[in-house]
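Protein sequence lines, in the order shown, are assigned to chains Z and W.
Offset between the first sequence (1-based) and my numbering: plus 726.
Offset between the second sequence (1-based) and my numbering: plus 5.
Ideal placement from N, C-alpha and C gives every residue a C-beta, glycine not left out.
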Amino acid sequence: MSGLFDLGGWSREISAFVSDILAWLADLFGGWIPWFRDVANWFRTDVVIEFWGFVIAVMIMLVFAVINLLVVLWMERKLYGRLQDRRGVMVPHPWKKIHKGTGFLQNMADGIKLVMKESITPRNADKSMFHAAPAIIFISSVMAYAAIPLSTTFVLADLELGLIFIVAMFALSPLAVLIAGWASGNKYTLIGGMRGAAQMLAYEIPLLLCIAGVAIMAGSLNPMEVVAAQQRTSVLGIENWYFIPQFIGFIVFMVAILAELEKLPFDIPEAESELVEGWLTEITDIRFGLIFMSKWMKGWAAAALVVLLFFGGWSGPFFPQEVWFMIKTYIVFAFFVWIAWILPRIRIDQILKIGWYELVPLSFATILIAVALKFLSHFGMGWF
Amino acid sequence: MTKLWINMGPQHPMTHGLWNLRILVDGETIVDAEPVLGYLHRGVEKLCERRTYNQIIPLADRLCYVSSLCFAHAYCLTVEEMMDLEIPERAKYLRVIALELQRVTSHMTWLMAIGPDVGLITLLLYCLREREYFLDLLQLQTGARMNQNYPRIGGVSQDIPSNFEHKAIKIIDKFKVRVKDYHKVTNESSAFLKRMQGVGTLSVEDAIAYGVTGPNIRGSGAKLDMREHDPYEVYDELDWEIQVRDEGDSLARFHVRMGEMQESCKIILQALKKMPDGPINVKAPLRPEGQTFRRTEDSRGEVSYYVVGNGGESPYRLKVRSPIFCTMNVLPKLLTGVNVADVLAIMGSIDVCIGETDK
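This is the structure we're talking about:
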C-alpha cells in the first residue's frame, strides 16, 4: 500500500494556496499602492512557496510528535498500571470527578501543573550550563523526528545518512546529562551525570555497530532504502525483515536502545532510590517537564528506529503505510514498557561489564554475519 | 579522586524512616559509612515511667509501626513473668496467631520495600495486594490494622470471631499461590540476582560480635531463634522449622524471610487447629514488685524488655532492646568497599524500621 499523507507535497500545496490568497490581496490593493504588486509577485516565487512549505511541514511533524507523545505517555501509564494489577490513570474529566474512564487528559493536567511550578536555580549551580541542559535534551530529541519516515511520503527530511542523524541526535543527550549533573552543584547530580557519561561509552558503540550491520545488508544508511531493501522477498518467499538474519544484532540493539532511553533496567544515571533523582534532582518546573517529555519522545523515536531497522518499516498488507508503521512502533514501545517495569535496576559496573564484554563482541558478530550474507548474495546464495 | 561525604537522609528515598546514613564515596565505591540516628527519638523509656502498666501497652505498640503487636506482646510477657502470672491456654494460642499474622505482614512490608529499593516497583504493588489480606485477618482478630493494642497483661483483649478459621485457610491458600509470582519477579529473574547475590556478606562471627539478631543472623548461618531457644507461649508445642541460610549475603536474608512467611502460615494453621476453648484473660495484680528480663523474637530480631517494678502504679525503670538499633552498628563494616547502588540492596535486605531503632 502507498502512504496516506504526502507531507512534502501537501505542505507545498498549502503554502501555495496561502501564497495565492496573499498575492490576490496584494493585487487587490495594488491599484492604490504600486509596490504591492511587487510583493504579490514575490509571494508567487518558488523560493517563498518552498520555504513556507517547509515551515508548514515542520509544524505538522511537531504537532504529530506532541500528539504522539501524549498517546505514548498514556499508553505507558496504562500498560504498567495493568502490569502492576491496577488500572493506571483513570480520572480524566475536566469538571466531573468520575472514577472511571481512560484518563487520557491526565498528561495534560500534569503538564499544566509543571508549568505552574516554581522555577528554582540552586545557588551553587553554573547558571548558563544548568539552563542549557534541558534545552539541549529537548531540542535533540525533537530533531530526531526530522529524519524518521512514517511512510514513503510522510517524511520531513529524506536524508542520505538518516540513520546516522537519528543516532547522533540520541547521542547528544548524554552530553546534556553530564552538563546538567555537573552544573547543578549537587553531589547526587554529579554522581548521576558521571554515571550517564560512563554508561554512554558502554551502549553507544554496540548501538552503532548494530546499525552498521543493517546498513551493510541494506547497502545504505537512508531509512527509506533500508525499508525498501527489507521489502524484497527472501529465499523463504516472505519479506526479508532483518530481525531474522540479524537476530543477534536485533537483541543487542534492543538492549542498547533501552540503555540509550534510560529506561528502567538501565536508568542508572537517575537511580531514584539511591541518588534521589540522579542528574535530575535539582531541575524543577517545566524544565523538568521538558526532559520528561523528551524521554518519551525519544522512546517512540527509538521504537520507530527498531521498526525501521528490523521490522520492515511500514511494509504490510491491506492498511496504509502509516497505519502499519504506527502499529509496529506501538507494539515495540509496549515491549519496552513491559521490560522496564518487570526488571530491577542493575548497577553501573554491571552495565559496563554487559556493554564491553557482551554487547560489543556480539555486535562484531552481527557485522560478520552481515558481511557473510552480503558476500553469499553475490553468488545467488544469500537471503536476497 | 576526591572523596565526598554524601548524606543519604534524613529525607531520602533510601531511608524508610527518618535517619541519616552518611557515606564517604570515592567515585562509586564507599570508603566509610556512618549511621546517624536520633531524628525520631521520642523518649519512650522515660515516658513509660510516668504511665501505669496497662497504659504502656499502646505505647509499646508504637515502637515499631510495622510489627507493633510483637513489641506490645513482648512487654506484656515480661510484666507477666514479673508478676508470676499464668495466662490461659487459649490466650496463648490467640497471641501466637496474632504474632504470626503480624510477622507475615511485617515481612510483606519488607518485601514490598525492597522492590523500589532495587528499582522494581511492580513488586511493591504485588505485595501491597496480599498484605491487605493478612491485615484483614489481623483486623478480624484484633480490631485494627496497625497499633492493635491487642495483648493485655494476663491475656488478650478479645477472642477471634467464628468465621476466622475459614477465612484464614482461604487467605493462606491464596497466598501460597501468589508467592510464586514474587519468586518469578525476584529470585527467578537474573537481574534481581545480579543485584542481591554476593552483596553485603556478613560472617557469623561478625554478626554475633555486633549483636545482629533475627532473620539477618539466620541469613549468615546461625540457627538462632528465640521462639525455639527461649520458648514462650506455645511455640514449643507447634511444628515449624527455623529458616537458615549459610551464604550471609543479601539474597540469603531474602530467602530467610521468604521462608519465614511460609513457616508463619504453617504456625497459624496449626495453632487454629490445636486451640482449646476457655477463658482468654485473667485478672492481673496492679502493683507488682521485682525485676524481669525477657526476650522474644520480633519479625526483625530479638526484642528484650527489662522491667523493674517497685510496687508502684508504674514501672520504676523500663529498658527496651530493639533489634535494628543493634544491627545498625554493623553498617560501617557491611557498607565499606561496596558500590553506592549496593547500599539499597543491603539496607533493603536488613529491613530497617526507625520507629523501634530510635525509640
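In the DSSP output, what is residue i paired with across the bridge?
| i | result |
| --- | --- |
| W:Asp37 | W:Leu29 |
| W:Ile11 | W:Ile28 |
| W:Lys324 | W:Tyr311 |
| W:Phe298 | W:Tyr311 |
| W:Arg157 | W:Gly160 |
| W:Asn344 | W:Thr34 |
| W:Asn286 | W:Gly160 |
Hey, residue i and residue j are a contact pair by Cβ (cut 8 Å); roughly how many whole angstroms apart?
| i | j | result |
| --- | --- | --- |
| W:Ala77 | W:Asp89 | About 20 Å; that fails the 8 Å criterion. |
| Z:Ala924 | Z:Ala859 | At roughly 18 Å, the Cβ-Cβ gap does not stay under 8 Å, so Z:Ala924 and Z:Ala859 are not in contact. |
| W:Pro293 | W:Arg262 | Not a contact, Cβ separation roughly 36 Å. |
| W:Gly205 | W:Ile351 | 4 Å |
| Z:Ala928 | Z:Gly1025 | No, Z:Ala928 and Z:Gly1025 are not in contact; Cβ-Cβ is about 20 Å, not under 8 Å. |
| Z:Ile779 | Z:Ala766 | Position check: residue 779 of chain Z holds Gly in this sequence, whereas Ile was assumed. The Cβ separation is near 18 Å, so there is no contact. |
| Z:Ile863 | Z:Ser899 | 5 Å |
| W:Gly306 | W:Pro328 | 3 Å |
| W:Ala38 | W:Thr341 | 6 Å |
| W:Cys75 | W:Asp303 | 4 Å |
| W:Ser73 | W:Gln146 | Actually they do not touch by this definition, with Cβ atoms about 14 Å apart. |
| Z:Trp912 | Z:Glu776 | For clarity, residue 912 of chain Z is Asn in the given sequence; the question names Trp instead. About 48 Å separates the two Cβ atoms, so there is no contact after all. |
| Z:Arg763 | Z:Asp753 | 7 Å |
| Z:Pro991 | W:Ala196 | 6 Å |
| W:Thr83 | W:Arg299 | 4 Å |
| W:Gly360 | W:Leu68 | 6 Å |
| Z:Ala985 | Z:Ile1077 | 7 Å |
Under the criterion of a Cβ to heavy atom distance below 6 Å, does residue i qualify as lining the ligand HEM?
| i | result |
| --- | --- |
| W:Lys51 | Inclusion of the ligand HEM in the displayed structure is not the case, the ligand content being empty and no account of it being possible. |
### Message
Using a Cβ-Cβ cutoff of 9 Å, what residues of the segment 99-133 of chain W are near chain Z? List them in chain order.
### Response
From the segment 99-133 of chain W, only Gly120, Pro121, Asp122, Val123, Gly124, Leu125, Ile126, Thr127, Leu128, Leu129, Leu130, Tyr131 have a Cβ closer than 9 Å to chain Z.
### Task
Below 7 Å between beta carbons is the criterion; list the residues of the segment 835-857 of chain Z that meet it against any residue of chain W, in chain order.
none
### Message
I'd like to know if the segment 178-188 of chain W and the segment 296-314 of chain W are in contact, where contact means that at least 3 CB-CB pairs between them fall below 8 Å.
### Response
No: the two stretches stay apart, fewer than three of their Cβ pairs being nearer than 8 Å.
### Task
Using a Cβ-Cβ cut-off of less than 7 Å, list which residues of the segment 786-814 of chain Z approach chain W; keep chain order.
Leu809, Gln810, Asp811, Arg812
### Message
If contact is defined by three or more beta carbon pairs under 8 Å, each pair taking one atom from either stretch, is the segment 1064-1072 of chain Z in contact with the segment 196-215 of chain W?
### Response
yes
### Message
So within the segment 67-91 of chain W, which uninterrupted alpha helix (DSSP H) runs reach at least 4 residues, ignoring any that extend past its ends?
### Response
Counting only runs of 4 or more, we get 73-88.
### Query
Taking the runs of the beta strand (DSSP E) that are 3 residues or longer, which of them lie wholly in the segment 913-979 of chain Z?
none
### Query
What residues in the segment 993-1011 of chain Z bring their beta carbon closer than 8 Å to a beta carbon of chain W?
Asp993, Ile994, Ala997, Glu998, Ser999, Glu1000, Leu1001, Val1002
#### Entry: Contact the segment 999-1014 of chain Z vs the segment 1044-1058 of chain Z: 3+ CB pairs below 8 Å
no
### Message
Can you pull out the residues from the segment 188-215 of chain W whose beta carbon lies closer than 8 Å to at least one beta carbon of chain Z?
### Response
So the list reads Val190, Ser194, Ala196, Phe197, Lys199, Arg200, given in the order they occur along the chain.
### Task
Residues of the segment 338-356 of chain W with a CB closer than 8 Å to any CB of chain Z: list them in chain order, please.
Asn344, Val345, Ala346, Asp347, Val348, Leu349
### Message
If contact is defined by three or more beta carbon pairs under 8 Å, each pair taking one atom from either stretch, is the segment 992-1011 of chain Z in contact with the segment 910-920 of chain Z?
### Response
Yes: the two stretches touch, three or more of their Cβ pairs being nearer than 8 Å.
#### Entry: Residues, ordered as in the chain, of the segment 1048-1068 of chain Z that lie near chain W by beta-carbon distance below 9 Å
Trp1067, Ile1068
#### Entry: the segment 247-258 of chain W / the segment 47-63 of chain W touching (three or more Cβ pairs under 8 Å)
In the pairwise beta carbon analysis, the segment 247-258 of chain W is classified as not touching the segment 47-63 of chain W: fewer than three pairs are separated by under 8 Å.
### Within the segment 988-1034 of chain Z, ranges of the alpha helix (DSSP H) (whole runs, at least 4 residues)
Here no run is fully enclosed.
#### Entry: Segment contact flag, the segment 963-977 of chain Z with the segment 95-103 of chain W, C-beta cutoff 8 Å, min 3 pairs
no
### Task
Specify whether the segment 894-910 of chain Z and the segment 733-747 of chain Z touch according to this definition: at least 3 beta carbon pairs, one from each stretch, less than 8 Å apart.
no
### Task
Compile a chain-ordered list of the residues in the segment 16-41 of chain W whose CB is closer than 7 Å to at least one CB of chain Z.
His17, Pro18, Met19, Glu33
#### Entry: chain W contacts from the segment 873-906 of chain Z (Cβ-Cβ distance under 8 Å)
Correct list: empty, as no residue qualifies.
### Message
Under 8 Å, with one C-beta from each stretch per pair, do the segment 274-292 of chain W and the segment 148-166 of chain W reach the 3-pair mark?
### Response
yes
### Query
Which whole runs of the alpha helix (DSSP H) in the segment 730-769 of chain Z are 4 residues long or more, in chain order?
733-755, 761-769
### Near-chain W residues of the segment 965-995 of chain Z - C-beta to any C-beta below 8 Å
Hits within the stretch, in order: Leu990, Pro991, Asp993, Ile994.
### Query
For the 8 Å Cβ check, are there 3 or more pairs between the segment 840-848 of chain Z and the segment 882-890 of chain Z?
Judged by Cβ distances under 8 Å, the segment 840-848 of chain Z makes no contact with the segment 882-890 of chain Z, as fewer than three pairs qualify.
### Task
Report the residues of the segment 1069-1086 of chain Z with a CB closer than 9 Å to any CB of chain W, ordered along the chain.
Leu1069, Pro1070, Arg1071, Ile1072, Arg1073, Ile1074, Asp1075, Gln1076
### Query
Whole alpha helix (DSSP H) runs in the segment 192-233 of chain W with 4 or more residues, listed along the chain?
195-201, 209-215, 220-223
### Message
Runs of 4 residues minimum, wholly inside the segment 827-876 of chain Z: which ones carry the alpha helix (DSSP H) assignment?
### Response
832-842, 853-870
### Members of the segment 1012-1029 of chain Z that neighbour chain W once the beta carbon cut-off is set at 9 Å
none
### Message
Threshold first: 4 residues or longer. Then list the alpha helix (DSSP H) segments lying entirely within the segment 228-283 of chain W, N to C.
### Response
Counting only runs of 4 or more, we get 231-234, 255-279.
### Query
Does the segment 107-118 of chain W touch the segment 1053-1062 of chain Z, meaning 3 or more C-beta pairs lie closer than 8 Å?
no
### Task
Jot down the residue ranges of each uninterrupted beta strand (DSSP E) in the segment 1031-1061 of chain Z, minimum 3 residues, whole runs only, in chain order.
The qualifying runs do not exist here; there are none.
### Interface positions of the segment 905-921 of chain Z facing chain W (Cβ-Cβ less than 9 Å), listed along the chain
Lys913, Tyr914, Leu916, Ile917, Met920, Arg921
### Query
Is it a yes or a no for the segment 791-804 of chain Z touching the segment 829-843 of chain Z, going by three-plus beta-carbon pairs under 8 Å?
Inter-segment contact for the segment 791-804 of chain Z and the segment 829-843 of chain Z is present: three or more beta-carbon pairs are separated by less than 8 Å.
### Task
Please list the segments of the alpha helix (DSSP H) lying wholly inside the segment 1063-1100 of chain Z, counting only runs of 4 or more residues, in order along the chain.
1074-1079
### Task
Below 9 Å between beta carbons is the criterion; list the residues of the segment 284-295 of chain W that meet it against any residue of chain Z, in chain order.
none
### Query
Does the segment 6-26 of chain W touch the segment 1088-1106 of chain Z, meaning 3 or more C-beta pairs lie closer than 8 Å?
No contact exists between the segment 1088-1106 of chain Z and the segment 6-26 of chain W.
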